[in-house]
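K.L.:
One structure is given below, represented as structure tokens, and several questions about it will come after.
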Amino acid sequence: MGFDTLWNVNDCKSMYESSEQWKFRQSFLIANKKKYPRDRLVILCHIFMHAEFMKCEYPKPTMDLIENLSKDFVDDLRNKLNCKVPKISMTDSNAAGAKDNENAETCTTSNIKNNQPPDKLMRYLTPYDNNCIRPGFILKVTQGACVFAILTQSCSFSGIAQPQIVYEHLNSPHVRARLYIEKKLIAVDDSNSEKQALRNVSCIAYNILKEMCFTIKVKAIDKQSQITMSDIVNDSTFDEKIDSNTTTYYSKISDNNVGNKILKNMGWKEGDGLGKNNQGITSPIEIIRLKKRGGLGISDCETNLTNLNDFKIQAKKYIMRFLNGPKKRISFSSEFTKEDRMIIHSICTKVGLKAKSYGTQANRYLVVVKIQNPQDIYYELRNCINFENDCYVLIPPLHESNNT
644 MGFDTLWNVN DCKSMYESSE QWKFRQSFLI ANKKKYPRDR LVILCHIFMH
694 AEFMKCEYPK PTMDLIENLS KDFVDDLRNK LNCKVPKISM TDSNAAGAKD
744 NENAETCTTS NIKNNQPPDK LMRYLTPYDN NCIRPGFILK VTQGACVFAI
794 LTQSCSFSGI AQPQIVYEHL NSPHVRARLY IEKKLIAVDD SNSEKQALRN
844 VSCIAYNILK EMCFTIKVKA IDKQSQITMS DIVNDSTFDE KIDSNTTTYY
894 SKISDNNVGN KILKNMGWKE GDGLGKNNQG ITSPIEIIRL KKRGGLGISD
944 CETNLTNLND FKIQAKKYIM RFLNGPKKRI SFSSEFTKED RMIIHSICTK
994 VGLKAKSYGT QANRYLVVVK IQNPQDIYYE LRNCINFEND CYVLIPPLHE
1044 SNNT
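All residue numbers for the sequence shown refer to this note's numbering, where the first residue is 644 and numbers rise by one.
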């Protein structure tokens, strides 16, 4: 047991909770305090209370787990408190196909090993089984997003309607919020304002869904591996030298150049410096252009347009290599200008890739992702080492992992 068990159960009591409800919550927490870390146990307790008092219906594996964790005290409490609450049971759709089993065992621990597909290890074979809270629902988690945004994004990702929040104003300032997904009640919370109730019920729903749903986590962008301008540009018509401020272009002067002929007739030899004692420059005068092809009055000049066209050709070659390669996502660094990003975005749209810019001003960068539906992503990840690729990580339902 590698977690703290010295925390006080009474700290979990809500000011809006009745004495009968607290008896149930308190008994559940005390009975299972040494089985789970506090955060995990609080979520399991939310599931128990929602099923016991709010008639929430969850998938059979979840209900089996909750029934097993509460079987030692729940019937006795119902009799003592004379509470007319429904017995914890599985959903109707799951009950129809389930076998009668009065002594439901706790969900078994699955020891997930590297490079083994989860369908060989879990009671939830896939996110598309009837055992899931809704077949096809997958949590999609993006770093930095708020919890309600994650729920909204997950519904959109799974192709279902957005989560619905229903508020009930009880005695002031008591507000109750109910969160539904596809008309199924997921979580309930009482608070002193709609804003706080929304925040709390979203957090509760998110943690409940992690217990019983597969999660696809989007990896953070690795800034060290972002694509730079030097990775894209490879113009063989110029000898290019790049320093931190400017880019210098020059090409070899032809033998037919008038200036070249005059210098040679005056005794100058290629490689020598100009002047009587060869003390002058030895290479042609260089054309200095500001980095990013910008300068005084030249934004629309023909030379600048040529460079943009050259960049477009090179960028398309790079993007096509990515499209035909194994990677799922690439990121272009913030050194690319707005015009550069527009070119890349246009190319991606034409070849069926998704491109989106993030950040502001000088820190703005572009991310290009291959378009995949959730089912393709899931089946690809489940066969990957550690259930992850360069873009995503697949996380099984919590009570199917080795944390239970």
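Where a beta carbon is used, it is the ideal one built from N, C-alpha and C, also for glycine.
From residue 980 to residue 875, what distance separates their C-alpha atoms?
P.N.:
If you number the sequence shown from 1, residue 980 lands on position 337. If you number the sequence shown from 1, residue 875 lands on position 232. Cα-Cα distance, rounded: 13 Å.
K.L.:
Would you kindly check if the distance between the Cβ of residue 822 and the Cβ of residue 848 is under 7 Å?
P.N.:
Numbered from 1 along the sequence shown, position 205 holds the residue referred to as residue 848. Numbered from 1 along the sequence shown, position 179 holds the residue referred to as residue 822. Cβ distance < 7 Å, so residue 848 and residue 822 count as in contact.
K.L.:
Between the C-alpha atoms of residue 837 and residue 1006, what's the straight-line distance to the nearest angstrom?
P.N.:
As a first step, residue 837 is located in the sequence shown; it is residue number 194 there, counting from the start. As a first step, residue 1006 is located in the sequence shown; it is residue number 363 there, counting from the start. Using only the alpha carbons, I get a separation of about 35 Å.
K.L.:
What's the call for residue 1021, buried or exposed, on a 16-neighbour Cβ count within 10 Å?
P.N.:
One-based indexing of the sequence shown puts residue 1021 at position 378. Buried, by the Cβ-count rule.
K.L.:
Can you give me the Cβ contacts of residue 799 inside the same chain, cut-off strictly under 8 Å, excluding the 5 residues immediately before and after it?
P.N.:
One-based indexing of the sequence shown puts residue 799 at position 156. Closer than 8 Å at the Cβ level, and outside the excluded window around residue 799, lie 805.
K.L.:
Quick one: is the Cβ of residue 919 within less than 6 Å of any heavy atom of the ligand NAD?
P.N.:
Among the components modelled here there is no ligand, and therefore nothing to report on the ligand NAD.
K.L.:
Taking the beta strand (DSSP E) that residue 834 belongs to, which residues open and close that run?
P.N.:
Here the question's residue 834 lines up with position 191 in the sequence shown. From DSSP, the beta strand (DSSP E) with residue 834 extends over 827 to 834.
K.L.:
Quick check for students: name the residue ranges of the alpha helix (DSSP H) that lie wholly in the stretch 973 to 1019, counting only runs of 4 or more.
P.N.:
981 to 994
K.L.:
In this structure, does DSSP put residue 703 in helix, strand or coil?
P.N.:
Taking the sequence shown and counting its residues from 1, the one referred to as residue 703 is at position 60. Residue 703: helix per DSSP, three-state reduction.
K.L.:
So if DSSP puts residue 861 in a beta bridge, which residue, or which two residues, is it bridged to?
P.N.:
Taking the sequence shown and counting its residues from 1, the one referred to as residue 861 is at position 218. Note: residue 861 sits in a beta bridge opposite 785 and 1035.
K.L.:
Which word fits residue 1050, buried or exposed, when buried means at least 16 other C-beta atoms lie within 10 angstroms of its C-beta?
P.N.:
This structure does not reach residue 1050, given that the chain is present from 644 up to 1047, and the question cannot be answered.
K.L.:
Tell me the rounded alpha-carbon separation between residue 801 and residue 687.
P.N.:
As a position in the sequence shown, residue 801 is number 158, starting the count at 1. As a position in the sequence shown, residue 687 is number 44, starting the count at 1. Roughly 24 Å between the two C-alpha positions.
K.L.:
Looking only at C-alpha atoms, which of 712, 840, 1029 and 1041 sits nearest to residue 677?
P.N.:
The sequence position of residue 677 within the sequence shown is 34, counting from 1. Here the closest residue by C-alpha is 712.
K.L.:
With three or more beta-carbon pairs closer than 8 Å as the criterion, would you say the stretch 993 to 1006 touches the stretch 1028 to 1037?
P.N.:
no
K.L.:
Out of 960, 859 and 967, state which residue places its alpha-carbon closest to the alpha-carbon of residue 1038.
P.N.:
Along the sequence shown, one-based indexing puts residue 1038 at 395. Among 960, 859 and 967, the Cα nearest to that of residue 1038 belongs to 859.
K.L.:
Using the C-alpha atoms, what's the distance from residue 811 back to residue 720?
P.N.:
Start at 1 with the first residue of the sequence shown, and residue 720 comes out as number 77. Start at 1 with the first residue of the sequence shown, and residue 811 comes out as number 168. If you take the alpha carbons of residue 720 and residue 811, they lie about 28 Å apart.
K.L.:
Following the continuous beta strand (DSSP E) through residue 808, name the residue where it begins and the one where it ends.
P.N.:
Sequence index remark: in the sequence shown, residue 808 carries index 165 (1-based). It spans 807 to 812 - the beta strand (DSSP E) in which residue 808 sits, taken as one unbroken run.
K.L.:
Does the stretch 988 to 1000 come into contact with the stretch 946 to 965, if we say contact requires no fewer than three beta-carbon pairs (one atom in each stretch) closer than 8 Å?
P.N.:
yes
K.L.:
Anyone know if the C-beta pair for residue 690 and residue 851 falls short of 7 Å?
P.N.:
Mapped onto the sequence shown, residue 690 falls at position 47. Mapped onto the sequence shown, residue 851 falls at position 208. Result yes, Cβ atoms of residue 690 and residue 851 sit closer than 7 Å.
K.L.:
If you draw a straight line from the alpha carbon of residue 829 to that of residue 845, how long is it in whole angstroms?
P.N.:
Against the sequence shown, residue 829 aligns to sequence position 186. Against the sequence shown, residue 845 aligns to sequence position 202. Going from the Cα of residue 829 to the Cα of residue 845 covers about 10 Å.
K.L.:
Are there 16 or more other CB atoms within 10 angstroms of the CB of residue 901, so buried, or fewer, so exposed?
P.N.:
To locate residue 901, count along the sequence shown from 1; it is residue 258. It counts as exposed.
K.L.:
How far does the alpha helix (DSSP H) with residue 849 in it extend, from its first residue to its last?
P.N.:
Position 206 of the sequence shown, counted from the first residue, corresponds to residue 849. Judged by DSSP secondary structure, residue 849 falls within the alpha helix (DSSP H) whose first and last residues are 837 to 855.
K.L.:
For residue 870, which of helix, strand or coil comes out of DSSP?
P.N.:
To locate residue 870, count along the sequence shown from 1; it is residue 227. Of the three classes helix, strand and coil, the one that applies to residue 870 here is strand, per DSSP.
K.L.:
Using the C-alpha atoms, what's the distance from residue 724 back to residue 663?
P.N.:
On the sequence shown, residue 663 is found 20 positions in, with the first residue counted as 1. On the sequence shown, residue 724 is found 81 positions in, with the first residue counted as 1. Straight-line Cα distance between these residues: approximately 7 Å.
K.L.:
For residue 971, which residues of its own chain have a beta-carbon under 8 Å away from its beta-carbon, when the five flanking residues on both sides are left out?
P.N.:
The residue labelled residue 971 in the question sits at position 328 within the sequence shown. The residues are 1012, 1013, 1015, 1032, 1033, 1034 and 1035.
K.L.:
May I have the straight-line CA-CA distance separating residue 843 from residue 655, to the nearest angstrom?
P.N.:
The residue given as residue 843 occupies position 200 in the sequence shown. The residue given as residue 655 occupies position 12 in the sequence shown. Approximately 14 Å, taken between the alpha carbons.
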